[in-house]
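Enquirer: Positions 1 to 271 (our numbering) are the ones given, in order, by the first sequence.
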Amino acid sequence: MPELPEVEVTRLSFADRIVHAQIEKVQMGKALRWPLGCEPEALQGLQVLGVRRRGKYLLVDLSAGLLLIHLGMSGSISFGTDLPLPGKHDHFEMVTSLGTLRLHDPRRFGAVVYAPSQAHPAAVRLLARLGVEPLTDAFDANRFHSALRLRKTPIKQVLLAGEVVVGVGNIYASETLFMAGIRPTTRANAISKPRAKLLHAAIQEVLAQAVAQGGSTLRDFSDAQGESGHFQLQAMVYDRQGLPCRVCGSPIRGMRQGQRSTFYCSTCQKP
DNA sequence: AAAAGCCCCTGGATGC
DNA sequence: TGCATCCAGGGGCTTT
C-alpha cells in the first residue's frame, strides 16, 4: 500500500501529537516481518522525541534509540486517545501518555524494529542502501541522470528498487513515467539527459501532489487519524489497463515487470 | 557485482 | 455456496 506520500501523510498525521509522549506499555501481536529487537518492557519509560521519515520508513526517535516502522504492503497506523478495541490484524501497540500508537497490517509485511541508535547494525541494515530523498534539494537532476547511466535495468525497476531515489513505489513509478513520456521498459542507461530531467521533475511533482492530496487509497490506506487519500482519483495510468488514455485516448497497456504490474500509454510514452 | 527471482502473508475478486 | 486461482501499494535475501 504505502509509498512515500502515504508514509509522509501518515507521519504528518501523528508526529505533532505524539512528540514528548512517554511510553507506558508496548505489546506485540502476531509476528511481523522482523522481531522487535528488544523486550517490549525495555521501552517503558522512554520518551518520544519526534518522528522522521527516511524512504518508506518512519523513524520514531526515542530518548534512547529509535523505532523503525515500515508499513509493508498493507500496513496503516492509528494514533489517538480513544481507539477502538484491537482487531485481529493489529499487531503492534504502544500506549503512551498522549495516546496509543497502533499498527494495523493484515499481510504482516510491515515491521517495527528497535535500534539502540541509528548507527547500530539493526538500523544500518535497513537504511544504508537507500537512495536520495526525492523531495529535498539533495535530489539533483544532473546527479540523477548520472546514476541512471550506470544501470541497464528497465527504468521502472530502477525506480522501484529505491537505490537511486527512494519512495517511488508501484503506483507512482507508472505515474511518473507517464508524466515524463518514458516507457517503463526503457533501459535506465538509455535515457538522455533531457529526458532524465523530465523524469526528475515528474517524480518531484507527482510525489508532492500526492502528499498534498493525502496519498492514494486503493484498498485500505488511511492516515493515523483515519483519513483516506484522494490521489488515486486522478491516476493517469495506474490500474487503468484497457481504459482510454486521459491525454490521447489510446488504450492503456498493462504488463508485468519483475513480478509487479506496470501500466503505460504506448502513444504518450516513447522507448 | 549487477541483475533477476523468491519469498514472506492474508484477503478480496473472479471464474468454474 | 464452495473451491481454486490470481492478484495486491514492499523489499531483503539468495541465486545467477
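All C-beta atoms, glycine included, are put in the ideal place defined by N, C-alpha and C. Since we're looking at a predicted model, the values are computed, not measured.
1) Does DSSP put Phe79 in a helix, in a strand, or in coil?
2) Considering only C-alpha positions, which residue in the set Ala173, Ala64 and Ala147 is nearest to Leu301?
3) Of the residues Ala208, Met179 and Asp90, which one's Cα is nearest the Cα of Leu101?
4) Can you have a look at Pro121 and say buried or exposed, based on whether 16 or more other CB atoms are within 10 angstroms of its CB?
5) Could you name the residues of the same chain whose beta carbon sits closer than 7 Å to that of Arg151, not counting the 5 residues immediately before and after it, in chain order?
6) Starting from Met73, trace the beta strand (DSSP E) in both directions and tell me its first and last residue.
7) What residue does the alpha helix (DSSP H) around Ser174 start on, and which one ends it?
8) Give me the residue from Phe79, His20 and Asp239 with the minimum Cα distance to Gln225.
9) Could you give the first and the last residue of the continuous beta strand (DSSP E) run that contains Thr96?
10) Please determine, among Val26, Leu32, Val51 and Arg53, the residue with the shortest C-alpha to C-alpha distance to Pro40.
11) Mapping the DSSP letters down to three states, classify Arg143 as helix, strand or coil.
12) Report yes if the C-beta distance between Leu177 and Lys156 is below 8 Å; otherwise report no.
13) Is the region 80-87 close to the region 52-71, with three or more CB pairs under 8 Å?
14) At what residue ranges does the region 9-69 contain a whole run of the beta strand (DSSP E), taking only runs of 3 or more?
15) What's the gap between the Cα of Gly75 and the Cα of Arg108?
16) Which of the three DSSP states is assigned to Gln204 in this structure?
17) Whose C-beta lies closer than 6 Å to the C-beta of Gln209 among residues of the same chain, with five residues either side of it excluded?
Expert: Here's the rundown:
1) Secondary structure of Phe79 (DSSP, three-state): strand.
2) Residue 301 lies beyond the residue range present for the chain, which begins at 1 and ends at 271; the question has no answer from this structure.
3) The option with the nearest alpha carbon to Leu101 is Asp90.
4) Burial call: exposed.
5) The residues are Val158, Ala188 and Asn189.
6) Segment: none, Met73 is in no beta strand (DSSP E) and carries neither H nor E.
7) The continuous alpha helix (DSSP H) containing Ser174 extends over residues Asn170 to Ala180.
8) The alpha carbon of Gln225 has as its nearest neighbour, out of Phe79, His20 and Asp239, the alpha carbon of Phe79.
9) For Thr96, the enclosing beta strand (DSSP E) covers residues Asp90 to Thr96.
10) The residue from Val26, Leu32, Val51 and Arg53 with its alpha-carbon nearest to that of Pro40 is Val26.
11) DSSP places Arg143 in the helix class (H, G or I) of the three-state scheme.
12) Between Leu177 and Lys156, the CB-CB gap stays under 8 Å.
13) No, the region 80-87 does not touch the region 52-71.
14) The qualifying runs are 23-28, 48-54 and 57-62.
15) Approximately 7 Å, taken between the alpha carbons.
16) Judged by DSSP in its simplified three-state form, Gln204 adopts helix.
17) Excluding sequence neighbours, Gln209 sits near nothing in its chain.
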